[in-house]
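Notes to accompany the following structure.
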Amino acid sequence: MILGATVGLLAAGTLAHGTFHRNSPVFGRALGRLPAPAGDHVVALTFDDGPNPEATPRILDALASSGTTATFFLLGRHVERWPDLARRVADEGHAIGNHGWHHRKLHRLSPSRVREDLELGTKAIVDATGVSPRLFRAPHGFRAPWVTPIAASLGQRTIGWSLGVWDSDRPGVDAIVDRTVGGTRPGSIVLLHDGDGYAPTGDRTQTAAAVPLIVASLDAGGYHFVPVPTA
Numbered sequence: 423m424i425l426g427a428t429v430g431l432l433a434a435g436t437l438a439h440g441t442f443h444r445n446s447p448v449f450g451r452a453l454g455r456l457p458a459p460a461g462d463h464v465v466a467l468t469f470d471d472g473p474n475p476e477a478t479p480r481i482l483d484a485l486a487s488s489g490t491t492a493t494f495f496l497l498g499r500h501v502e503r504w505p506d507l508a509r510r511v512a513d514e515g516h517a518i519g520n521h522g523w524h525h526r527k528l529h530r531l532s533p534s535r536v537r538e539d540l541e542l543g544t545k546a547i548v549d550a551t552g553v554s555p556r557l558f559r560a561p562h563g564f565r566a567p568w569v570t571p572i573a574a575s576l577g578q579r580t581i582g583w584s585l586g587v588w589d590s591d592r593p594g595v596d597a598i599v600d601r602t603v604g605g606t607r608p609g610s611i612v613l614l615h616d617g618d619g620y621a622p623t624g625d626r627t628q629t630a631a632a633v634p635l636i637v638a639s640l641d642a643g644g645y646h647f648v649p650v651p652t653a
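With positions in the sequence shown counted from 1, the corresponding number in our numbering is that position plus 422.
Now the structure itself:
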């Protein structure tokens, strides 16, 4: 009985790690850090849940003024609502990833519903931008065993992150900057938010204000910015 209970606990722990840890390889690999050679100060800034009519243009302006390339994981229903903003993201040379359609916790959905969500998100992005996304990030990073294989079947690489600064909690511009700059290491994939997964016009003004300060500080520290690789 003790052995059985131990095996059960180990199995439960493995399943939980695969579901809730954003970079867990249990259910398929999710890239959580850039493959940066030693001493190469590269960082990827990524933005989830957009586009957003207030924050996204401000963030794009800041990135353009500094010549910085980022990666945007776009939410399909927001893309459908603001296709011109999604098109601007693509036109300005940023990488685009699929964040699904509804911002649902995918580990709670059946394989067919996960596929539907990802396909709807993909279609919205393609229709708005002409770009077929080759990256995918699960909302909250939560995955069931079938999520990464479904994304792969759509030609999309699953991406996690190495630094989340909880900017979506709106802790203040200074806190967002300090957490990002203080937590960034060579090869970091930084998670920020230009939109709100649950409210189409959610307030992301703090993040928008923080971005130029983050870019300037990391640039001064010798970092250069790259998009998340698709392969």
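Even for Gly, the Cβ is constructed at its ideal location relative to N, Cα and C.
Of all C-beta pairs linking the stretch 490-503 to the stretch 512-522, three or more are shorter than 8 Å, placing the two stretches in contact.
Under the three-state reduction of DSSP, Asp-471 is assigned to strand. Each residue's CA atom was taken as its position, placing Gly-586 and Glu-476 some 22 Å apart. Per DSSP, the beta-bridge partners of Gly-586 are Leu-613.
Rounded to whole angstroms, the Cβ separation of Ala-508 and Thr-551 is 5 Å, and the two are in contact under 8 Å. Between Trp-588 and the set Val-599, Arg-559, Ser-639 and Ala-638, the nearest pair of CA atoms involves Val-599. Between the C-alpha atoms of Trp-568 and Pro-533 there is a straight-line separation of about 6 Å.
Ala-466 and Val-650 do touch by the CB rule: their CB atoms are close to 5 Å apart, below 8 Å.
In the structure shown, Val-464 adopts extended strand secondary structure according to DSSP, grouped into three states. Sequence-distant partners of Val-464 (beyond 5 residues in either direction) whose C-beta falls short of 8 Å from its own C-beta, in its chain, are Leu-456, Ala-458, Pro-608, Gly-609, Tyr-645, His-646, Phe-647 and Val-648. A check of alpha carbon separations from Ser-575 across Trp-583, Gly-582, Phe-558 and Asp-591 identifies Phe-558 as the nearest. By the C-beta criterion, the stretch 589-596 is judged to be in contact with the stretch 609-629, since at least 3 inter-stretch pairs fall below 8 Å.
The alpha-carbon separation between Thr-478 and Gly-577 amounts to approximately 26 Å. Bounds of the beta strand (DSSP E) holding Thr-493 are 493-496.
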